[in-house]
Each structure stands twice: as C-alpha cells, then as structure tokens.
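Residue numbers (this note's numbering): -11 to 249.
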Amino acid sequence: MKSLLNKEKISILVGILIVLMVGALLLEPLPVDPNYHKFAARRSIWGIPNFSDVVSNLPFGIFGLMGLWLVFGSSGRTIFETRYHAVPYVIFFGAVSAITIGSSYYHWAPANGPLFWDRVPIAIAFMGLFAAFLADRIGQKMGVFCFMPSLIVFASGSLLWDLSHIGQGGDLRFYALVQIYPIITLPLLCWLFPKSHYTTTKHMLLMVGWYVLAKILEVLDHSIYALLGGVVSGHSLKHLVASMAVFTVILMLKSRIGRRN
C-alpha cells in the first residue's frame, strides 16, 4: 500500500468508522437481553456468589498490574524511546486492572446497573490499546495527543448513551462499536502502516485470536458448562481467555527489549 499517501490511508480508517456509526444509527436500539444475566455458573463458594465468574476476573488484575510494572519499571525505560510514548499503555493496563473490580462487582449480582461498571474499564482498555497501535503506526504525537483523547471521548460517549437508556434496558449500539471497530481495523492498520517500534503484527493477530475465542466461549456459556459436567462455564473461560490477550500485550512490549539489545 505504498502507493497511497498517509492521509488517504487515514481516510480509509475514518471512513470505516463513519460507515459503522451510520449503520448503528440506522439500527433499532439494542437493549440488553433480559436473559443475558442468567449465566450458567451460579454456585456460591466461600460466601462468594457466582464464584467462578467472579474469581475468573483475577487474571485481569494480575496482568494489568504486571503491565504497569513493566511500563513504569526499569524495563519501561528500555522499551520506550520517550516517556510519553508509554501513555496509551498506562491507560490500557490501568483500565485492565480495573476490569477485575468492575466485572467482579457485576458478576457478584448480575443486573443492568452493575453491568455499566463492568463495561467502563473494558471500553477504556479497548481505546487505550487501539490508540497505542495508532500512535506507533501513524505517529506518536498525533496518536497520543489527538487520537487517544478522541477515542476515550468516543468510548465515554457510548457508555453515557447506554446509561441514558438504562430505563429501557440500555442501548448497546455504540458500545458494540467500541469493540467491533478496533477488531476490524487493527489488521488493516498494521497492513496500511507496516513500520512500527512497539507493536507487531504477529502479536496483534494473537490478541485478535484470543478475543474472538473469548466471544465464542461467551456465546456458548451454558453449552460448555453442560459439556464439562458443570466444572466450569463458557463465561468463566471467556474471562481467562480474554486475559491472555492482555498477557500478549506484555509479551509484545517485552519483545521490544530483545529487539533494542
């Protein structure tokens, strides 16, 4: 894609977002399915309701804190050429750490209200990681000081839109875009802008793969629970698999140390 100018490449990414947003506006409001909160694993253990769905969020906190330690520690000074390059990763790993709290709170007593606090850190984490890729591939100053604030505003707006419709069961159209748009455009971004310092296409594909597998496990929550004899549910496995995408980001940044030495 060398024949395309950078402005034209960016226009492609923006165009996809516009098409998706127009498509979302044309759809009917998308409330939360009342059955969504009826997860397969409902056993209480050690006084913790829905034990496996609550506890399976711990890896997010572990990997999130590991990521923050990596960024702020001595390794971070080796990985990042300039400290502000690390800002999107701080946002990402900080939000991932908060997923443990938000998602555990929701799964303790699943309902529409607590679900909002599950989604807040997820949306911010998605936008933080997407901003990291945009900054690395297109330009650090534009990515950190322009794209990242815009993406976080977009994520916040989608959440506030959902919250404003909470009486009708919410409206997930724009929150869904927060996840769908990066998943669609990350491979395209890496193809259009192959030059990078901190991100790799290999790790990006692994992240997307973990995410897709996690969504499949989420959909098959009850089927997997029955298949495994009630040992573990698809939703609990979804948490574990999704956390592996976070661990992949850590591995990606650590690979930068090897490339610089």
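All C-beta atoms in this analysis are idealised placements derived from N, C-alpha and C, irrespective of residue type, glycine included.
Please go through the same chain and pick out, in chain order, the residues whose beta-carbon is closer than 6 Å to the beta-carbon of residue i, but skip the five residues on each side of it.
i, result
"residue 48", "84, 87, 88 and 231"
"residue 109", "83, 86, 87 and 90"
"residue 51", "231, 234 and 235"
If you draw a straight line from the alpha carbon of residue i to that of residue j, how long is it in whole angstroms?
i, j, result
"residue 241", "residue 127", "18 Å"
"residue 184", "residue 75", "17 Å"
"residue 137", "residue 117", "12 Å"
"residue 122", "residue 167", "15 Å"
"residue 41", "residue 93", "10 Å"
"residue 132", "residue 71", "11 Å"
"residue 63", "residue 193", "24 Å"
Excluding sequence positions up to five away, which residues of its chain have a Cβ less than 7 Å from the Cβ of residue i?
i, result
"residue 189", "178"
"residue 33", "39"
Could you name the residues of the same chain whose beta carbon sits closer than 8 Å to that of residue i, not counting the 5 residues immediately before and after it, in chain order?
i, result
"residue 203", "226"
"residue 212", "28, 205, 220, 221, 222 and 225"
Please state if the CB of residue j and the CB of residue i are separated by a distance shorter than 7 Å.
i, j, result
"residue 209", "residue 97", "no"
"residue 215", "residue 44", "no"
"residue 46", "residue 81", "no"
"residue -3", "residue 174", "no"
Put residue i into one of helix, strand or coil per three-state DSSP.
i, result
"residue 69", "coil"
"residue 101", "helix"
"residue 208", "coil"
"residue 225", "helix"
"residue 219", "coil"
"residue 90", "helix"
"residue 241", "helix"
**Q.** Every unbroken alpha helix (DSSP H) within the segment 153 to 192, with a cutoff of 4 residues, ordered by chain
**A.** 161 to 180
Q. Which ranges does the beta strand (DSSP E) cover as unbroken runs of at least 3 residues, wholly within the segment 11 to 59, from first to last along the chain?
A. none
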